[in-house]
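Undergrad: Structure in structure tokens, see below.
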Ligand code: NAD
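In the numbering used here, the protein residues as written are 2 to 364.
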């Protein structure tokens with residue numbers, strides 16, 4: 002099969018880490034008989050420098066014409082880069098928000114997986130870690146409190162601020178379906194997180210999730226209140242498979258879940274719409290402090306490419322192969338600087354390109 006991939010290298014370490022992910026994709030293509038075609042798309046600071054805009058209409062059209070987009074990261078040092086002297090809608094991050102909106106990317110997926118070899122970075126006790134954990138946070142990305150009407154007005158001599166939280170049946174149904182679809186590709190369990198004891202939007206959320214669940218008899222599902230979920234994530238993270246939740250709860254819980262894995266350079270993410278299209282990117286930023294030094298960890302971007310194969314192209318065996326190769330490299334004792342153990346004597350430190358090569362060798 003032939004797949005057309007839009008590639009946004011972006012700024013900072015973006016070009017370095019994306020180059021390694023493309024190298025891994027090409028190796029997968031050769032091994033499994035696929036053709037990956039790449040279209041380079043400018044976004045972020047590099048687009049501002051070239052065109053004056055963080056994302057042009059041509060760039061959006063190129064992204065829309067792709068089967069999926071693989072991205073590095075965008076942005077620079079927010080204190081020193083001239084990009085941050087521009088008005089807010091001309092800064093690098095405005096490009097990413099515009100792209101998400103233009104492509105209607107309403108479902109954000111963030112895995113939190115604990116690698117046995119990186120257990121030391123996990124802040125939880127050994128008895129809590131147990132057999133480890135492997136969960137996927139499915140967060141609604143374009144509705145809820147962050148997109149509702151807001152105002153700050155003076156009333157009776159004092160300022161009063163309001164934010165509104167709105168969800169429609171359609172918005173809930175489409176994200177819930179995504180959550181159950183993903184669970185079908187995993188351990189077939191969904192924990193739907195809400196605050197149904199207080200919020201109307203959560204009570205509607207629960208009702209619609211139950212309706213959707215009826216179409217997935219193989220998936221076990223449960224409802225959990227968000228405050229309990231925040232607690233359970235540090236008490237017994239192994240209980241979760243897919244956590245399905247609305248925008249603000251997902252924002253907070255996904256950061257909590259990624260923290261318990263302890264290593265940002267390892268965490269991939271995907272943003273999906275209601276087609277097979279997705280935008281795949283590492284959870285971290287452009288790391289301007291280490292850009293150009295050849296030391297950035299490319300694994301989160303390589304794992305994002307694996308997510309692209311799994312969720313946009315349905316190439317599960319190919320995605321499994323990448324994930325297994327990453328595990329093997331860690332097992333063989335290779336680490337980039339961000340995942341070096343405190344006592345580094347038992348492992349070998351490698352740079353960005355070498356890490357990419359080692360993963361390709363193990364495919
Ligand atoms: P950051 O994630 O870029 O860096 C935080 C720390 O983690 C730094 O010390 C960095 O060196 C390290 N780090 C991050 N990724 C790494 C990797 N792959 N390998 C090794 N170390 C890594 O966060 P920040 O410093 O707050 O932000 C820098 C820029 O990135 C800002 O302009 C910010 O707006 C942007 N940003 C972009 C995205 C995105 O493109 N989606 C996301 C977050 C931040």
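Each residue gets a CB set at the ideal place from its N, CA and C atoms; glycine is no exception. Please read all numbers here as calculations on a predicted model, not as lab measurements.
On the three-state DSSP scale, how would you describe residue 299?
TA: Coil at residue 299, not helix or strand.
Undergrad: When you measure from the CB of residue 46 to every non-hydrogen atom of ligand 1, does any distance come out below 6 Å?
TA: It does not: the Cβ of residue 46 is nowhere closer than 6 Å to a heavy atom of ligand 1.
Undergrad: Can you give, in chain order, each stretch of the alpha helix (DSSP H) that sits fully within the segment 18 to 49 and has at least 4 residues?
TA: With a minimum length of 4 residues, no continuous alpha helix (DSSP H) run stays inside the segment 18 to 49.
Undergrad: Do you know offhand how far residue 351's Cα is from residue 359's?
TA: The alpha-carbon atoms of residue 351 and residue 359 are separated by roughly 10 Å.
Undergrad: Which residues in the same chain have their Cβ closer than 6 Å to the Cβ of residue 289, if we skip the five residues on either side of it in sequence?
TA: Taken in chain order, the residues that qualify are 13, 77 and 78.
Undergrad: Using DSSP's beta-bridge definition, name the partner residues of residue 150.
TA: Its beta-bridge partners do not exist; DSSP assigns none.
Undergrad: List the endpoints of the continuous alpha helix (DSSP H) containing residue 233.
TA: Counting along the chain, the alpha helix (DSSP H) containing residue 233 begins and ends at 227 to 236.
Undergrad: I'd like to confirm something about residue 339: is its beta-carbon nearer than 6 Å to some heavy atom of ligand 1, or not?
TA: Yes, Cβ of residue 339 sits closer than 6 Å to a heavy atom of ligand 1.
Undergrad: Measuring from the CB of residue 360, is there a heavy atom of ligand 1 at a distance below 6 Å?
TA: For ligand 1, not one heavy atom lies less than 6 Å from the Cβ of residue 360.
Undergrad: So, does the segment 243 to 251 touch the segment 132 to 144, judging by three or more C-beta pairs under 8 Å?
TA: Counting Cβ pairs under 8 Å, three or more are found: they touch.
Undergrad: Ligand 1 and residue 90: does any heavy atom of the ligand fall closer than 6 Å to the residue's C-beta?
TA: Answer for residue 90: no, Cβ out of range of ligand 1.
Undergrad: Taking the alpha carbon of residue 299 as the point to measure from, which residue in 275, 7 and 26 has its own alpha carbon closest?
TA: Measuring from the Cα of residue 299, the nearest candidate turns out to be 26.
Undergrad: Using the rule of at least 16 other Cβ atoms within 10 Å of the residue's Cβ for burial, across every protein chain shown, is residue 345 buried or exposed?
TA: Looking at its Cβ environment, which holds fewer than 16 other Cβ atoms inside 10 Å, residue 345 is exposed.
Undergrad: Quick one: which unbroken beta strand (DSSP E) runs of 3-plus residues sit fully inside the segment 161 to 248? Chain order, please.
TA: Fully enclosed beta strand (DSSP E) runs of 3 or longer: 190 to 195, 221 to 226 and 243 to 246.
Undergrad: Evaluate the contact criterion for the segment 89 to 108 versus the segment 49 to 63: three or more CB pairs, one atom per stretch, below 8 Å.
TA: Contact holds: three or more Cβ-Cβ distances are below 8 Å.
Undergrad: Looking at residue 22 and ligand 1, is the gap between the Cβ and the nearest heavy atom below 6 Å?
TA: Checking the Cβ of residue 22 against ligand 1 gives no.
Undergrad: CB residue 228 to CB residue 188, shorter than 7 Å?
TA: Their beta carbons are not under 7 Å apart, which means residue 228 does not touch residue 188 by this criterion.
Undergrad: Taking the C-alpha atoms as reference points, what is the distance between residue 216 and residue 171?
TA: About 16 Å.
Undergrad: Verify the contact flag: residue 271, CB atom, against every heavy atom of ligand 3, threshold strictly below 6 Å.
TA: Looking at this structure, you won't find ligand 3 anywhere; what it does contain is ligand 1.
Undergrad: What residues in its chain sit with their C-beta under 8 Å from that of residue 169, if we drop five residues either side in the sequence?
TA: Cβ within range, chain order: 144.
Undergrad: Would you say the beta carbon of residue 79 is closer than 6 Å to some non-hydrogen atom of ligand 1?
TA: Because some heavy atom of ligand 1 lies under 6 Å away, the Cβ of residue 79 counts as near it: yes.
Undergrad: Do you know offhand how far residue 323's Cα is from residue 190's?
TA: Cα-Cα distance, rounded: 24 Å.
Undergrad: At a threshold of 6 Å, does residue 109 count as lining ligand 1 (C-beta to nearest heavy atom)?
TA: Checking every heavy atom of ligand 1 against the Cβ of residue 109, none is found closer than 6 Å.
Undergrad: According to DSSP, is residue 282 helix, strand or coil?
TA: Looking at residue 282 - three-state DSSP - the assignment turns out to be strand.
Undergrad: Over the uninterrupted beta strand (DSSP E) stretch that includes residue 289, give me the two end residues.
TA: It is not in any beta strand (DSSP E) - residue 289 carries neither H nor E in the DSSP assignment.
Undergrad: What residue range does the alpha helix (DSSP H) around residue 127 cover?
TA: Where residue 127 is concerned, the enclosing alpha helix (DSSP H) stretches over 127 to 130.
Undergrad: Expressed to the nearest angstrom, what Euclidean distance is found between the alpha-carbon atoms of residue 336 and residue 20?
TA: Cα to Cα, residue 336 sits roughly 18 Å from residue 20.
Undergrad: Leaving out five residues on either side along the sequence, give the residues of the same chain with a beta carbon under 7 Å from the beta carbon of residue 130.
TA: The answer, listed in chain order, is 115, 120 and 123.
Undergrad: Can you name, in chain order, every residue of its own chain whose Cβ lies under 6 Å from the Cβ of residue 18, other than the five neighbours on each side?
TA: Here the set comprises 73, 297, 299 and 302.
Undergrad: Comparing alpha-carbon positions, which option in 161, 132 and 165 lies nearest residue 147?
TA: It is 165.
Undergrad: Is residue 49 near ligand 1, in the sense that its beta carbon is under 6 Å from a heavy atom of that ligand?
TA: No, Cβ of residue 49 sits at least 6 Å from all heavy atoms of ligand 1.
Undergrad: Cβ of residue 58 within 6 Å of any heavy atom in ligand 1?
TA: The answer is no for residue 58.
Undergrad: How big is the Cα-Cα spacing for residue 132 and residue 9?
TA: Distance between the alpha carbons of residue 132 and residue 9 is about 37 Å.
Undergrad: Would you say the beta carbon of residue 75 is closer than 6 Å to some non-hydrogen atom of ligand 1?
TA: Yes.
Undergrad: Measure from the alpha carbon of residue 220 to the alpha carbon of each residue in 41, 201, 181 and 107, then state which is nearest.
TA: Answer by Cα proximity: 181.
Undergrad: Straight-line CA distance for residue 236 to residue 38?
TA: In a straight line, the C-alpha of residue 236 is about 45 Å away from that of residue 38.
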